[in-house]
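Asker:
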Amino acid sequence: MEEESTVGWIGISIQIFGLLLLIPGGVLLYLRSIEDAERRRAAGEVNYTPYTGRDIARVLREEPDEADLPRLRRLAVTLKSRRPAALLLGAATVSQLGGLVFQAGRPRLVFAVLCVVLIGGQALHIERNARIAQRFLQAHPDDPTR
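Each residue of the sequence shown is one higher than the last, beginning at 0 in numbering that gives the first Met the number 0.
(1) Determine the extent of the alpha helix (DSSP H) in which residue 42 is found, giving its start and end residues.
(2) Excluding the five sequence neighbours on either side, which residues of its own chain have a C-beta within less than 7 Å of the C-beta of residue 14, listed in chain order?
(3) Assuming the contact rule is C-beta atoms closer than 8 Å, residue 73 and residue 39 should be a hit. Round their C-beta distance to whole Å, please.
(4) Locate the alpha helix (DSSP H) running through residue 54, then write down its first and last residues.
(5) With 16 as the cutoff for other CB atoms within 10 Å, does residue 131 come out buried or exposed?
(6) Using DSSP with H/G/I as helix, E/B as strand and the rest coil, what is residue 72?
(7) Buried or exposed, going by whether 16 or more other CB atoms sit within 10 Å of the CB of residue 113?
(8) Go to residue 124, then tell me how far its alpha helix (DSSP H) extends in each direction, as first and last residue.
(9) Within a Cβ cutoff of 8 Å, which residues of the same chain sit near residue 79, ignoring the five residues on either side of it in sequence?
(10) Give me the Cβ distance between residue 108 and residue 21, rounded to the nearest whole Å; I'm assuming they're in contact under 8 Å.
(11) Nearest-angstrom Cα distance between residue 119 and residue 111?
(12) Determine, for residue 5, whether the minimum Cβ-Cβ distance to residues of chain C falls below 8 Å.
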């Protein structure tokens, strides 16, 4: 009985840790979204829809045209600013795993595995795009003379 109680507290602790990660992740995502919106607004790209899916990685890996460089830099900065979203998704995944420890059972296991695969996969996708964007920005730094 005491072993079940200890496992239950471990599960609750993991869930609380996951939920606590949501706070800084949410604040960072909000602040970076505001900064990104202001940057796009200043560039005149209010209704601009960035590339989606695999296009992002392809566009940022190719050698850009000089005319597209400012827009692609803003896209790369936007992708980097989305890293807190990966933290939010990771926190939700950790919370689900804590729930699995706290309340083991087949339905909870299936739900936790689905969350890890779907939500965790999205977190990895966001992080991958942020790293591609970081490499693009390092390869094509902003020219301060313009």
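For every residue, glycine included, the Cβ atom is placed at its ideal position computed from N, Cα and C. These numbers were taken from a predicted model, which means no experiment stands behind them.
Answerer: Reading it off the structure:
(1) Taken as a continuous stretch (DSSP letters only), residue 42 belongs to no alpha helix (DSSP H), as it is neither H nor E.
(2) 94, 97, 98 and 101
(3) 6 Å
(4) 53-60
(5) buried
(6) helix
(7) exposed
(8) 105-138
(9) 129, 132, 133 and 136
(10) Contact flag wrong, Cβ pair sits at about 23 Å.
(11) 11 Å
(12) This model lacks chain C altogether, as it is built from one protein chain only.
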